[in-house]
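Colleague: Provided herewith is a single structure, encoded as structure tokens, for subsequent inquiry.
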Amino acid sequence: MSENKTELKRSLGLIDATSLVAGSMIGSGIFIVTSAMARDIGSAAWLLVIWIVTGLITVAAALSYGELAGMMPNAGGQFVYIQRAYGRLVSFLYGWTVFTVIQTGVIAAIAVTFANYAAIFFPVLDETLFSVGSSFVFSYQKVLAIFSIVLLTYINTKGVQSGKMVQLVFTSAKLIALFALIILGLYVGLKTDVLSDNFANMWDASKTVVNPDGTVTVTKLVGTALLGAAGATIINSLFSSDAWNNVTFIAGEIKDPKKNIPRSLFLGTVIVTVVYVLANLAYLALLPMQGSPSASDALSNGIMFANNDRVGAAAASMILGNVSVFVMAGLIMVSTFGCNSGLILSGGRLFFAMAKDGLFFKQATELNKNQVPAKALWVQCIWACVLCISGKFGDLLTYATFASLLFYILTILGVFILRKKEPHADRPYKAFGYPFVPALYIVVTVAICLTLLIYDTFNTGLGLAIVALGIPVYYLAMPKKK
52 MSENKTELKR
62 SLGLIDATSL
72 VAGSMIGSGI
82 FIVTSAMARD
92 IGSAAWLLVI
102 WIVTGLITVA
112 AALSYGELAG
122 MMPNAGGQFV
132 YIQRAYGRLV
142 SFLYGWTVFT
152 VIQTGVIAAI
162 AVTFANYAAI
172 FFPVLDETLF
182 SVGSSFVFSY
192 QKVLAIFSIV
202 LLTYINTKGV
212 QSGKMVQLVF
222 TSAKLIALFA
232 LIILGLYVGL
242 KTDVLSDNFA
252 NMWDASKTVV
262 NPDGTVTVTK
272 LVGTALLGAA
282 GATIINSLFS
292 SDAWNNVTFI
302 AGEIKDPKKN
312 IPRSLFLGTV
322 IVTVVYVLAN
332 LAYLALLPMQ
342 GSPSASDALS
352 NGIMFANNDR
362 VGAAAASMIL
372 GNVSVFVMAG
382 LIMVSTFGCN
392 SGLILSGGRL
402 FFAMAKDGLF
412 FKQATELNKN
422 QVPAKALWVQ
432 CIWACVLCIS
442 GKFGDLLTYA
452 TFASLLFYIL
462 TILGVFILRK
472 KEPHADRPYK
482 AFGYPFVPAL
492 YIVVTVAICL
502 TLLIYDTFNT
512 GLGLAIVALG
522 IPVYYLAMPK
532 KK
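Its first residue numbered 52, the sequence shown is counted upward by one per residue in the working numbering.
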């Protein structure tokens, strides 16, 4: 592959870039994570507050990130920013973590969600294929999840160029599902007492746990326990709001990138924040916050115990009955399948770029006859499938989002570092509210990470250990540039 192969035609405008930001953010999370959040926090008001705080954190990050995008308007994104601010080791740790946890973990989690919703059409997928004791269960859902990853990887190795039209179909499906849910949900829900009942004691927070014997334990949350629970459950909404930075990976295809990338980051994150908050308001208008895990209908299950956490499908069933469940499930399957196609494609290119810089397997630089880094794609596929087999959705989510937050902190801290190291560098866009907004983002996100380490020590500690494991790998296996 010649060097000019990376010189892409700048054909995407501000609207295209903004659509990419929003489309990358809207994946599977918004349709599923609210159930887990409801069990963790138990309060309608606190649920909305957490989604709003998530949005503010994301927008603050995007506003700060825009300065780096304006300085370095070329393909590579976060990998390039980190290398310029911190050097080769830290950029390797980012790439290492993207491979071991972030990109592959999200691919696995989204594939699991795709299979979860496919089970609405094919209930047999809920059945167990085999199990090892009570700790490991391998279901037909996991078979389908793995198959979807392998299939999408195979398609991408064939050099398939999806084009704007195919991407539009997937993005439209996501938006149709959400806007239909919001508009119809609020229209139908506001005719009932569900919303007012959910907000009757809106600040009374609690954590709900289903015990092995089927009984339910509810623990009131106040003071530090409430803050800890909020900090732990925000990982769900942060996962749903991630991938907003993917627009920087295609910076080489955006017209006037020094202006349009920062603008698209801001516009896209604001749009998705508004949509997500409204979607959760629609959930609260249609379904009671509390419910029973043993109930057989969506209204009695409530948001907390939506069947297999399919809160999007449960809310849809309150609008048009059982038919809407299949419609929503189909739209979500299209959304997740399309989202993973983009993640698999972009991940392969990132690992190919790392390999060219000597920071990934040398074989990953090889292109097949379709001019695609097939070996990089298949390595990514294998590891994503391993994560799919070994981890539950919540575990994968925590691994990926916690590790991602660590590098977001480092990247935005890089704004301060590069202001010091390169005070005269061209900055067509400067971080909004500097130094206060970037500093506030760093402080809040560090607090969230510390809370996760305290309240979910095993999973977040494992994510941190994976990052740290990259250090000996770098010194032992990576060639040094002379």
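In this text, a Cβ means the ideal position worked out from N, Cα and C, and glycines have one as well.
Just checking my contact of LYS43 with GLU118 at CB under 8 angstroms: how many whole Å lie between their CB atoms?
Modeller: Nothing can be reported for residue 43, as the shown portion of the chain is limited to 52 through 533.
Colleague: Using 8 angstroms as the Cβ pair cut-off and three pairs as the minimum, do the stretch 371 to 387 and the stretch 163 to 174 touch?
Modeller: With three or more CB-CB distances shorter than 8 angstroms, the stretch 371 to 387 counts as touching the stretch 163 to 174.
Colleague: Does the distance between the C-beta of ASN249 and the nearest non-hydrogen atom of the ligand NAD fall short of 7 angstroms?
Modeller: No copy of the ligand NAD appears in this structure; indeed no ligand is present at all.
Colleague: Just to confirm the assignment: which complete beta strand (DSSP E) runs, minimum length 3, are found wholly within the stretch 185 to 251?
Modeller: 187 to 190
Colleague: Let's see if you can read the secondary structure: which residues bound the alpha helix (DSSP H) around THR275?
Modeller: As a working note, residue 275 is residue 224 in the sequence shown. It spans 274 to 291 - the alpha helix (DSSP H) in which THR275 sits, taken as one unbroken run.
Colleague: Please report the distance separating the alpha-carbon of LEU272 from that of PRO474.
Modeller: Position 221 of the sequence shown, counted from the first residue, corresponds to residue 272. Position 423 of the sequence shown, counted from the first residue, corresponds to residue 474. Taking the straight line joining both Cα atoms gives about 47 angstroms.
Colleague: From this set, ALA454, PRO489, GLY514 and TYR191, which residue's C-alpha is nearest ARG470's C-alpha?
Modeller: Within the sequence shown, numbered from 1, the residue matching residue 470 stands at position 419. Restricting attention to ALA454, PRO489, GLY514 and TYR191, the CA atom closest to the CA of ARG470 is found in PRO489.
Colleague: Would you mind listing the beta strand (DSSP E) stretches within the stretch 468 to 500 that are 3+ residues and don't spill past its ends, in chain order?
Modeller: none
Colleague: I believe ALA283 touches LEU503 by the beta-carbon criterion, under 8 angstroms. Please report the beta-carbon distance rounded to the nearest angstrom.
Modeller: In the sequence shown, the residue the question calls residue 283 occupies position 232. In the sequence shown, the residue the question calls residue 503 occupies position 452. Between LEU503 and ALA283 the Cβ distance is about 6 angstroms, and since that is below 8 angstroms, they are a contact.
Colleague: In the DSSP output, which residue or residues are listed as bridge partners for PHE181?
Modeller: In the sequence shown, the residue the question calls residue 181 occupies position 130. For PHE181, which the question treats as bridged, DSSP gives the partners PHE189.
Colleague: Does the stretch 515 to 532 come close enough to the stretch 131 to 146 to have 3 or more Cβ pairs within less than 8 angstroms?
Modeller: Verdict: yes, contact present.
Colleague: Indicate whether the contact test is met: 3 or more Cβ pairs, each with one atom in the stretch 339 to 347 and one in the stretch 189 to 202, closer than 8 angstroms.
Modeller: no
Colleague: So, are the CB atoms of THR222 and GLY74 less than 8 angstroms apart?
Modeller: As a first step, residue 222 is located in the sequence shown; it is residue number 171 there, counting from the start. As a first step, residue 74 is located in the sequence shown; it is residue number 23 there, counting from the start. Yes, the Cβ-Cβ distance between THR222 and GLY74 is below 8 angstroms.
Colleague: Could you tell me the boundaries of the alpha helix (DSSP H) in which LYS258 lies?
Modeller: The sequence position of residue 258 within the sequence shown is 207, counting from 1. Counting along the chain, LYS258 falls outside any alpha helix (DSSP H), though it belongs to the beta strand (DSSP E) covering 257 to 261.
Colleague: On the DSSP bridge list, what partners appear for LYS271?
Modeller: In the sequence shown, residue 271 corresponds to position 220, counting from 1. SER257, per the DSSP bridge assignment.
Colleague: What span of residues does the alpha helix (DSSP H) with PHE130 cover, start to end?
Modeller: On the sequence shown, residue 130 is found 79 positions in, with the first residue counted as 1. Counting along the chain, PHE130 sits inside the alpha helix (DSSP H) bounded by residues 129 to 137.
Colleague: When burial is assigned at 16 or more other CB atoms within 10 Å of the CB, is SER392 buried or exposed?
Modeller: The count along the sequence shown starts at 1 and reaches residue 392 at position 341. By the neighbour-count rule (16 or more Cβ atoms within 10 Å), SER392 is buried.
Colleague: The alpha helix (DSSP H) with ASN331 in it runs from where to where?
Modeller: The count along the sequence shown starts at 1 and reaches residue 331 at position 280. From DSSP, the alpha helix (DSSP H) with ASN331 extends over 308 to 337.
Colleague: Using the beta-carbon count (16 or more within 10 Å), is ALA498 buried or exposed?
Modeller: In the sequence shown, residue 498 corresponds to position 447, counting from 1. A residue is called buried when at least 16 other Cβ atoms come within 10 angstroms of its Cβ; ALA498 does not meet this threshold and is exposed.
Colleague: Using 10 angstroms around the beta-carbon of PHE173, count the other beta-carbons present and answer buried if the total reaches 16, otherwise exposed.
Modeller: Counting from one through the sequence shown, the residue named residue 173 turns up at place 122. It counts as exposed.
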